[in-house]
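Read top to bottom, the protein sequences are chains A and B. Going by the working numbering, the residue at position 22 of the first sequence is 30; the numbering climbs one at a time, nothing skipped. Going by the working numbering, the residue at position 59 of the second sequence is 86; the numbering climbs one at a time, nothing skipped. A virtual CB, placed ideally from N, CA and C, is assigned to each residue, including glycine. Treat the numbers as computed from the prediction; the structure is a model and nothing was measured. One structure is given here, and the rest of the page talks about it.
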Amino acid sequence: MIFCIPCLVLVLYFLVASVFFPKYRIYVKDGWMCFIDKLKGKDCSLSFDNKMRLALSVWFAEKNMPAIGRFIGNKRNFTIVMMFVGVILTIVSVFLFILMIKFLRNPPCDTGVCGL
Amino acid sequence: MKKIYLDYAATTPVDKRVLEEMKPYFSEKYGNASSLHSLGTEAKRALEEAREKVASVIKANPKEIIFTSSGTESNNTALKGVAFANRDKGKHIITTPIEHDCVLNSARWLKKQGFDVDFIPVDKYGLVDLEKLEELIRKDTILISVMHANNEIGTIEPIKEIGKIAKEHDVYFHTDAAQSYGKIDIDVKKMNIDLITANAHKIYGPKGVGALFIREGVKIDPLLHGGGHEFGLRSSTENVAGIVGFGKAAEIAKKEMRGESERLIKLRNTLIENILKIDDCWLNGHPDKRLPNNANFSFRFIEGESLVMYLDMQGICASTGSACSSKSLEPSHVLTAIGLKPEEAHGSLRLTTGRFTTKEDIDYVIEVLPNVVKNLRKLSPLK
Numbered sequence: 009m010i011f012c013i014p015c016l017v018l019v020l021y022f023l024v025a026s027v028f029f030p031k032y033r034i035y036v037k038d039g040w041m042c043f044i045d046k047l048k049g050k051d052c053s054l055s056f057d058n059k060m061r062l063a064l065s066v067w068f069a070e071k072n073m074p075a076i077g078r079f080i081g082n083k084r085n086f087t088i089v090m091m092f093v094g095v096i097l098t099i100v101s102v103f104l105f106i107l108m109i110k111f112l113r114n115p116p117c118d119t120g121v122c123g124l
Numbered sequence: 028m029k030k031i032y033l034d035y036a037a038t039t040p041v042d043k044r045v046l047e048e049m050k051p052y053f054s055e056k057y058g059n060a061s062s063l064h065s066l067g068t069e070a071k072r073a074l075e076e077a078r079e080k081v082a083s084v085i086k087a088n089p090k091e092i093i094f095t096s097s098g099t100e101s102n103n104t105a106l107k108g109v110a111f112a113n114r115d116k117g118k119h120i121i122t123t124p125i126e127h128d129c130v131l132n133s134a135r136w137l138k139k140q141g142f143d144v145d146f147i148p149v150d151k152y153g154l155v156d157l158e159k160l161e162e163l164i165r166k167d168t169i170l171i172s173v174m175h176a177n178n179e180i181g182t183i184e185p186i187k188e189i190g191k192i193a194k195e196h197d198v199y200f201h202t203d204a205a206q207s208y209g210k211i212d213i214d215v216k217k218m219n220i221d222l223i224t225a226n227a228h229k230i231y232g233p234k235g236v237g238a239l240f241i242r243e244g245v246k247i248d249p250l251l252h253g254g255g256h257e258f259g260l261r262s263s264t265e266n267v268a269g270i271v272g273f274g275k276a277a278e279i280a281k282k283e284m285r286g287e288s289e290r291l292i293k294l295r296n297t298l299i300e301n302i303l304k305i306d307d308c309w310l311n312g313h314p315d316k317r318l319p320n321n322a323n324f325s326f327r328f329i330e331g332e333s334l335v336m337y338l339d340m341q342g343i344c345a346s347t348g349s350a351c352s353s354k355s356l357e358p359s360h361v362l363t364a365i366g367l368k369p370e371e372a373h374g375s376l377r378l379t380t381g382r383f384t385t386k387e388d389i390d391y392v393i394e395v396l397p398n399v400v401k402n403l404r405k406l407s408p409l410k
């Protein structure tokens, strides 16, 4: 079930990317279906995770970083990296959210901190 | 992104003309073909017309055609039906190692039931060794089963010669023509074929319908027992809509065969000529004796599944081998039988064209594939 996190990270990535590049919208749908499959403990029915793993490793190969491409191409490595990215993104998002709440309560400019 | 479909060997889209022909038989002319009332007799008439159309493609008598649910069922019926009906005559069956899984697994199952099964060796092109075939025939041989054209590498077997050998030795000859029916000429009488398998979804007909030609006089037991449908050889309420579709698909295939075949050969040859320019790449199967629409390549240092997935992301639908076996991690049994090493067999790509393939589609594939291969090779641990 925990292996749904890589798909969730990809869904979030494509959600943002599809705002600027509409051609990525289909990946949001595919990624979401994959996320649900993995949440239920099943294999991804559309092979979305395998396709993304391949796309990412080929991207590194195109940028002349084949060693990283081969590393990411390994299923286990890809899952670990994406879960790590997911955890980091969550920590950063929570931190920024807390900061936003703090600044909404005490705007820095009111206390003269921002120097304006 | 436009999808370019190059997996016609796996299945084909239903032709609009076929779909129109089928439509009335779902909700208007929905009678059971065994019923005596007018709706039933109407369905029966449509069934028999379809039977004539399917028979005419292979120049058979309509009474020698039975409809099944699929090519797999037809092959199972042919092998198991003949084996059990003739076990008083003998228990020896000969086939090849490059048959479709449904033939191979039927043969393996028969072996467990006490039958002897021998496999005729094939050469590097997948062609059957006719001399070895004659050597393998024994007094108790009851059936030879050799596919007309291989679904993976496209090689066309010398079935006329095999039919002649079978007839000389008084052995039944079955051929799985799922890939060749409606695409190349077949004459069951001239080729001495006793049983032939065909299915609809390979010729722009619906899935779920197959046919088996059984020459009059062949001793065969049915697989399905019941109401005695299909001359007592395949009991089950007939899929009238599907069969009508099969008939229409067969009619269209027969009419357009020559012109379509020439067009597909041109497309195939363009594909082969250009793809072979890629380094460390070769064509699998016979260079000339191959299906008009089939091209199968092996690429060194590449894994076929990645190749297919990457091509899919570029909008190209292809396959590594048989769709029926695509979930298995084992290398293709066909490619290993023709002598490829496992890592070479894993790096294969099958491209099969069809009625709706255009020159522009082929040009796009030729443009995209070299870059795909180049990038995947950069990632290969084998290079």
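Interface partners of residue i on chain B, CB under 7 Å
i	result
residue 78 of chain A	406 and 408
residue 65 of chain A	406
residue 39 of chain A	Within chain B, no residue comes near residue 39 of chain A; the closest Cβ sits about 14 Å away, beyond 7 Å.
residue 81 of chain A	406
Chain-order list of residues whose beta-carbon lies under 6 Å from that of residue i (same chain, five-residue window excluded)
i	result
residue 194 of chain B	219
residue 222 of chain B	105, 201 and 241
residue 398 of chain B	none
residue 45 of chain A	52 and 53
residue 126 of chain B	174
Chain A contact residues for residue i, given Cβ-Cβ distances below 9 Å
i	result
residue 199 of chain B	Within chain A, no residue comes near residue 199 of chain B; the closest Cβ sits about 43 Å away, beyond 9 Å.
Residue nearest to residue i in terms of C-alpha spacing, selected from the options
i	options	result
residue 378 of chain B	B:406, B:341, B:68 and B:320	B:320
residue 316 of chain B	B:336, B:295, B:303 and B:224	B:295
residue 156 of chain B	B:122, B:69, B:181 and B:165	B:122
residue 185 of chain B	B:167, B:169, B:170 and B:158	B:158
residue 203 of chain B	B:188, B:224 and B:216	B:224
residue 216 of chain B	B:188, B:168 and B:227	B:188
residue 38 of chain B	B:391, B:178, B:311 and B:340	B:178
residue 248 of chain B	B:112, B:64 and B:403	B:112
residue 12 of chain A	A:73, A:87, A:59 and A:60	A:87
residue 140 of chain B	B:118, B:151 and B:126	B:118
residue 282 of chain B	B:400, B:402, B:208 and B:409	B:208
residue 30 of chain B	B:340, B:365, B:396 and B:258	B:340
residue 257 of chain B	B:95, B:125 and B:33	B:95
residue 42 of chain B	B:71, B:143, B:228 and B:32	B:228
residue 312 of chain B	B:243, B:68, B:53 and B:183	B:183
residue 57 of chain A	A:71, A:107, A:74 and A:35	A:35
8 Å Cβ cutoff met for residue i and residue j
i	j	result
residue 407 of chain B	residue 367 of chain B	no
residue 45 of chain B	residue 237 of chain B	no
residue 135 of chain B	residue 287 of chain B	no
residue 235 of chain B	residue 266 of chain B	yes
residue 301 of chain B	residue 375 of chain B	no
residue 274 of chain B	residue 263 of chain B	no
residue 168 of chain B	residue 130 of chain B	no
residue 250 of chain B	residue 108 of chain B	yes
residue 409 of chain B	residue 337 of chain B	no
residue 270 of chain B	residue 66 of chain B	no
residue 58 of chain B	residue 70 of chain B	yes
residue 342 of chain B	residue 226 of chain B	no
Contact set between residue i and chain A, taken where Cβ atoms lie within less than 8 Å
i	result
residue 32 of chain B	Neighbours of residue 32 of chain B on chain A: none; closest Cβ ~18 Å, over 8 Å.
residue 336 of chain B	55, 58, 59 and 62
Sequence-distant residues of the same chain with beta carbon closer than 7 Å to residue i, five excluded per side
i	result
residue 54 of chain A	38, 41 and 42
residue 161 of chain B	192
residue 79 of chain A	85
residue 93 of chain A	17
Residues near residue i by beta carbon distance below 8 Å, same chain, minus five either side
i	result
residue 24 of chain A	none
residue 405 of chain B	none
residue 163 of chain B	121, 145 and 147
residue 82 of chain B	88, 89, 91, 92 and 240
residue 292 of chain B	319
residue 243 of chain B	88, 90 and 91
Residues that residue i contacts on chain A, provided the C-beta gap is smaller than 7 Å
i	result
residue 333 of chain B	62
residue 340 of chain B	59 and 63
Neighbouring residues, chain B, relative to residue i (Cβ below 8 Å)
i	result
residue 74 of chain A	405 and 406
residue 53 of chain A	The premise fails here: residue 53 of chain A is roughly 13 Å from chain B at the closest Cβ pair, so nothing lies under 8 Å.
residue 69 of chain A	402, 403, 405 and 406
Segment contact, 8 Å Cβ cut-off, at least three pairs: the segment 58-69 of chain A with the segment 333-347 of chain B:
With a cut-off of 8 Å on Cβ pairs, the segment 58-69 of chain A is in contact with the segment 333-347 of chain B, counting three or more such pairs.
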